Amino acid sequence: MSRKKTERQLNLVICLLATRRFLTAREIRSTVAGYEDAESDAAFKRMFERDKRELRDSGIPIETGGGDLWSDDEGYRILRSHYELPEIELLADEAAVLGLAARAWRHAALGEAAANAILKLRAAGVPVDTDAAPALTPVLGTDEPAFLPIWQAVRDRRAVSFDYRKPGDEVARRRRVEPWGVVNVQGHWYVAGFDRDRADRRVFRLGRIVGDVEIASSGPPVEVPADVDVRSVVRRGRPSEARGVARVRVRADSGHELRRGAQRIAAGEHAAGERRWDLLDLPYTDVADLVGAVARFGDRAVIESPAAAREAMAAHLAEVAARDPDPRAAESAAEPVPAAAGRRQSASSEQLRRLLMLVPYALSHDVRVPEVAAHFGLSQRQVLKDLSLLWMCGLPGYTPGDLIDVDIEAAEATGEIIIGNADTLAQPLRLTADEAASLVIGVDLLGELPGVADSEALKRVGEKLRAAAAAPPGAGEAAGVHGAGGAAPEDGAADPLERLAGSVGVRIELSEEVREVQRRCDDALRAGQLVHLRYLAGYADEVTERDVDPMGLVVHDGHAFLEGWCRLRGDVRLFRLDRVLDLTVLPEAAQVPARARRRDLSEGVLQLSADDARVTLELEPSERWVTEEYLCSSVHELDGGRVRAVLRTPAPEWVCRLALRLGPRARVVAPVELAERVREQARRALAAYGPGG
23 MSRKKTERQL NLVICLLATR RFLTAREIRS TVAGYEDAES DAAFKRMFER
73 DKRELRDSGI PIETGGGDLW SDDEGYRILR SHYELPEIEL LADEAAVLGL
123 AARAWRHAAL GEAAANAILK LRAAGVPVDT DAAPALTPVL GTDEPAFLPI
173 WQAVRDRRAV SFDYRKPGDE VARRRRVEPW GVVNVQGHWY VAGFDRDRAD
223 RRVFRLGRIV GDVEIASSGP PVEVPADVDV RSVVRRGRPS EARGVARVRV
273 RADSGHELRR GAQRIAAGEH AAGERRWDLL DLPYTDVADL VGAVARFGDR
323 AVIESPAAAR EAMAAHLAEV AARDPDPRAA ESAAEPVPAA AGRRQSASSE
373 QLRRLLMLVP YALSHDVRVP EVAAHFGLSQ RQVLKDLSLL WMCGLPGYTP
423 GDLIDVDIEA AEATGEIIIG NADTLAQPLR LTADEAASLV IGVDLLGELP
473 GVADSEALKR VGEKLRAAAA APPGAGEAAG VHGAGGAAPE DGAADPLERL
523 AGSVGVRIEL SEEVREVQRR CDDALRAGQL VHLRYLAGYA DEVTERDVDP
573 MGLVVHDGHA FLEGWCRLRG DVRLFRLDRV LDLTVLPEAA QVPARARRRD
623 LSEGVLQLSA DDARVTLELE PSERWVTEEY LCSSVHELDG GRVRAVLRTP
673 APEWVCRLAL RLGPRARVVA PVELAERVRE QARRALAAYG PGG
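If you use the numbering used here, the sequence shown corresponds to residues 23 to 715, in order.
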């Protein structure tokens with residue numbers, strides 16, 4: 023069935039490309055091979071409507087217009103100027119940049135769109151190199167289920183409705199929004215737009231959308247106000263400036279993250295037989311946030327002033343210290359079965375897209391089966407199957423002079439690909455808005471990578487990509503490519519790609535200090551030199567000294583990482599650059615062991631291990647952010663907006679610090695031993711706030 027469907031749809035594309043006038047559905051049924059299988063008019067209508075929808079979803083611009091002069095029947099055709107990819111020429115450095123841009127989406131929702139864009143460009147003879155600059159790894163994540171429908175709504179200029187739970191709310195509330203754009207900030211996606219019920223602009227974090235997103239199927243298209251910059255709207259929703267400075271006493275060997283944020287550190291006096299304590303002046307915005315930040319260090323950090331913060335800390339710790347672990351609750355804690363993965367696109371749709379790329383590539387290159395297989399990431403057997411299907415398709419009439427001529431025997435015997443009588447498909451299909459925008463946004467992300475950000479190639483490739491993907495003159499909504507390219511602009515409106523690319527942004531907020539560390543890592547990579555790090559461990563409140571053989575730079579989830587062989591651990595590690603306290607490039611050549619392999623980031627930077635400890639937390643509505651910020655293997659809704667989350671971690675002590683930070687708004691359910699440890703640490707810390715503390 024899949025093969026017959028692909029043949030029928032390819033025959034339909036060839037027919038509509040070859041015609042100069044609009045063909046009615048009746049004419050198509052009587053002339054295009056494959057529709058004779060329809061047993062009735064109703065069966066044909068269902069088949070034809072499904073084919074049109076799937077072809078449009080693949081970016082094929084089927085245009086609707088006047089058909090039969092003697093009836094009111096609609097007609098269909100494909101204008102070559104709307105179908106064909108304009109010529110694009112890339113220099114070697116530009117091809118490398120474009121390959122990097124496509125790699126950014128490799129493990130994300132638009133990964134297929136970016137991969138299709140690269141294949142189309144390759145079919146046009148553009149030498150895109152996706153293996154260039156292997157030491158650089160840009161990664162965009164789209165874990166939020168709401169990402170794709172929100173993206174589609176922004177692309178198609180449609181209003182949306184969804185249930186949204188704000189931090190602290192017990193229940194999700196319905197929101198009706200005209201989306202203006204989506205922005206990735208520090209690894210999280212936000213949608214900005216006009217909230218119809220509140221009659222004002224709002225920003226929503228996609229990870230807080232509950233359930234399905236409903237896209238309006240009717241109504242006027244969403245208009246973005248001329249004075250709105252989506253990135254600026256999202257930026258205004260970010261945390262405000264510090265409102266006060268607290269005095270915090272910290273043990274000399276502890277509180278390293280507090281020290282990094284301090285305005286001033288006064289070293290304490292060292293008495294014989296006693297640990298030294300330092301005084302920190304720590305800026306803060308909110309007393310509750312200050313209490314949480316200090317509480318996670320237990321009895322190794324004490325708030326001295328202001329008095330209100332000191333009193334709040336005492337109350338915070340007292341509630342945790344008074345809470346007894348509940349063995350019965352621990353026994354009932356269990357992980358729900360994870361949801362099944364979403365559906366993949368049909369095999370026939372994938373094969374049709376391949377054929378529309380394979381033909382122009384083979385016609386413009388002297389290539390053989392192994393080369394085509396490598397070029398498009400296929401097996402040689404699949405290439406031969408595609409060629410054999412192509413041999414059965416062509417122009418209506420389907421005589422030997424109408425059919426595409428493929429020398430199957432030569433392909434099977436010597437690998438030589440000889441295709442004739444295929445001028446109708448000689449040019450590759452133009453990029454859809456999704457495909458082009460995925461590359462444009464990937465190019466924007468490259469601006470965060472050293473060695474690429476300031477290159478002229480980055481600017482040139484962005485301009486060339488926009489020019490190649492721009493909507494052709496006269497491309498109207500009648501082309502019907504909403505699923506692939508979005509609604510066409512009104513007269514005088516911006517090009518769909520320009521509008522979509524302008525509605526999507528990626529912001530990696532790195533301090534100047536981190537960017538300097540990033541530049542020095544890049545220098546060490548290029549020179550092949552060993553580096554020495556003073557590194558603040560992510561799970562423990564400790565600083566370690568590491569010699570690292572650099573292997574690559576990674577930008578993932580809003581953070582920059584150095585990937586390398588850690589001589590201390592004897593394994594490949596990722597080092598977050600904002601935790602590097604000091605970096606020295608050593609006068610010694612890096613020596614990465616032959617067995618070392620780059621990390622697979624398809625599941626993210628932090629990945630589950632069979633050896634991880636399982637910790638079950640119950641969180642109040644205000645602390646649901648934990649499920650957004652940390653890797654949870656399961657999340658279960660409870661009454662009153664509370665949630666039960668199972669964290670899997672190699673360092674249970676880190677969860678103790680998290681539980682101390684959350685205080686009375688969360689509790690460790692299991693294991694009981696960890697809950698007892700949290701209570702004991704809270705009791706020891708509370709002693710500093712009592713009489714004489």
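Just so you know, even glycine gets a beta-carbon here, dropped at the ideal spot from N, CA and C.
All values derive from a computational prediction rather than experimental measurement.
Close-in-space but distant-in-sequence residues of the same chain around residue i (CB under 8 Å, 5 per side omitted)
{"i": "D95", "result": "T46, A47, R48, G89"}
{"i": "V570", "result": "L552, V553, H554, L555, L584, G586, W587, C588, R589, R595, F597"}
{"i": "E434", "result": "L406"}
{"i": "Y105", "result": "L39, I82, P83, Q449, L451, R452"}
{"i": "D513", "result": "The pLDDT assigned to D513 is 38, lower than 50, so where the model puts this residue is not dependable, and the model offers no usable value."}
{"i": "I36", "result": "C415, G416, L417, T446, L447"}
{"i": "T193", "result": "Here the sequence assigns Val to residue 193, which means Thr is not the residue at that position. Correct list, in chain order: R187, G663."}
{"i": "H397", "result": "R144, Y383, V389"}
Reference residue i; option with closest CA among the options
{"i": "R679", "options": "A395, R598, R322", "result": "R322"}
{"i": "A704", "options": "L339, T86, W202", "result": "L339"}
{"i": "L380", "options": "I140, R699, L77, R128", "result": "I140"}
{"i": "I441", "options": "E434, A490, I430", "result": "I430"}
{"i": "A681", "options": "V272, V342, V176", "result": "V342"}
{"i": "Y652", "options": "P83, S52, G209", "result": "G209"}
{"i": "K74", "options": "V389, W211, G314, N33", "result": "N33"}
{"i": "L639", "options": "D633, S631, H658, R298", "result": "H658"}
{"i": "Y711", "options": "S656, I530, A330", "result": "A330"}
{"i": "R297", "options": "L280, L312, R273, A288", "result": "R273"}
{"i": "E245", "options": "V207, R271, G229, R180", "result": "R180"}
{"i": "L143", "options": "R620, R376, A688", "result": "R376"}
{"i": "S386", "options": "D445, L412, Y420, R670", "result": "D445"}
{"i": "E485", "options": "W173, V462, G469", "result": "V462"}
{"i": "L411", "options": "L608, T421, L417, L374", "result": "L374"}
{"i": "V207", "options": "R227, N443, Y561, E610", "result": "R227"}
{"i": "G283", "options": "R666, S533, R542, V691", "result": "S533"}
{"i": "E536", "options": "Y557, G527, N138", "result": "Reading off the sequence, residue 536 comes out as Val, not Glu. The residue with the shortest Cα to Cα distance from V536 is Y557."}
{"i": "C542", "options": "G290, E567, I530, A582", "result": "It should be noted that the sequence gives Arg, not Cys, for residue 542. For R542, the nearest C-alpha among the options comes from A582."}
Expected contact under 8 Å - CB spacing of residue i and residue j to nearest Å
{"i": "A55", "j": "M69", "result": "The Cβ separation is near 13 Å, so there is no contact."}
{"i": "A490", "j": "L107", "result": "7 Å"}
{"i": "L480", "j": "V119", "result": "6 Å"}
{"i": "D604", "j": "G277", "result": "18 Å between Cβ atoms; not a contact."}
{"i": "V700", "j": "V637", "result": "Contact doesn't hold; Cβ gap of about 10 Å is too wide."}
{"i": "A344", "j": "L312", "result": "Contact doesn't hold; Cβ gap of about 22 Å is too wide."}
{"i": "R332", "j": "W299", "result": "R332 to W299, Cβ: 16 Å. No contact."}
{"i": "A124", "j": "P149", "result": "Not quite, the Cβ-Cβ distance comes to about 13 Å (not below 8 Å), so this is no contact."}
{"i": "A214", "j": "V256", "result": "5 Å"}
Beta-carbon proximity list for residue i, same chain, < 6 Å, skipping 5 on both sides
{"i": "G233", "result": "D185"}
{"i": "V161", "result": "H578, L623"}
{"i": "L684", "result": "E645"}
{"i": "P672", "result": "D634"}
{"i": "A363", "result": "With a pLDDT of only 41 at A363, under 50, the local geometry of the prediction cannot be trusted, and the value read off the model is given with reservation. Contacts found: none."}
{"i": "R670", "result": "L630, D634, R636, S655"}
{"i": "S370", "result": "S24, K27, T28"}
{"i": "A697", "result": "P347, V690"}
DSSP-derived helix/strand/coil call for residue i
{"i": "H397", "result": "helix"}
{"i": "P201", "result": "strand"}
{"i": "V359", "result": "Because V359 carries a pLDDT of 42, less than 50, the predicted location of this residue cannot be relied on, and no value is offered for it."}
{"i": "A136", "result": "helix"}
{"i": "R13", "result": "Here the chain comprises residues numbered 23 to 715, so residue 13 is not present and cannot be evaluated."}
{"i": "H504", "result": "Legend: pLDDT at H504 = 36, less than 50; position of this residue unreliable, value from coordinates given subsequently. Reduced to three states, the DSSP call for H504 is helix."}
{"i": "P392", "result": "helix"}
{"i": "D79", "result": "helix"}
{"i": "A268", "result": "strand"}
{"i": "V176", "result": "helix"}
{"i": "D622", "result": "coil"}
{"i": "S644", "result": "helix"}
{"i": "Q285", "result": "coil"}
{"i": "S24", "result": "helix"}
Residue i CB to nearest heavy atom of the ligand FAD below 7 Å
{"i": "D79", "result": "For the structure depicted, the ligand FAD is absent and the ligand set is empty, with no information on it obtainable."}
Spatial neighbours of residue i in its chain, beta-carbon cut-off 7 Å, leaving aside the 5 residues before and after
{"i": "T436", "result": "none"}
Next on the checklist: Three Cβ pairs or more, each shorter than 8 Å: is that satisfied between the region 288-307 and the region 239-251?
Outcome noted: In short, these stretches do not touch, since the Cβ pair count stays below three.
Checklist entry - Given 8 Å as the limit, is there contact between the region 261-280 and the region 188-208, that is, 3 or more CB pairs closer than that? => result Not touching, per the Cβ criterion.
Checklist entry - Do the region 447-466 and the region 396-407 meet, that is, are 3 or more Cβ pairs less than 8 Å apart? => result These segments do not touch.
Checklist entry - Quick one: any contact between the region 558-575 and the region 537-547, if contact means 3 or more CB pairs under 8 Å? => result Verdict: yes, contact present.
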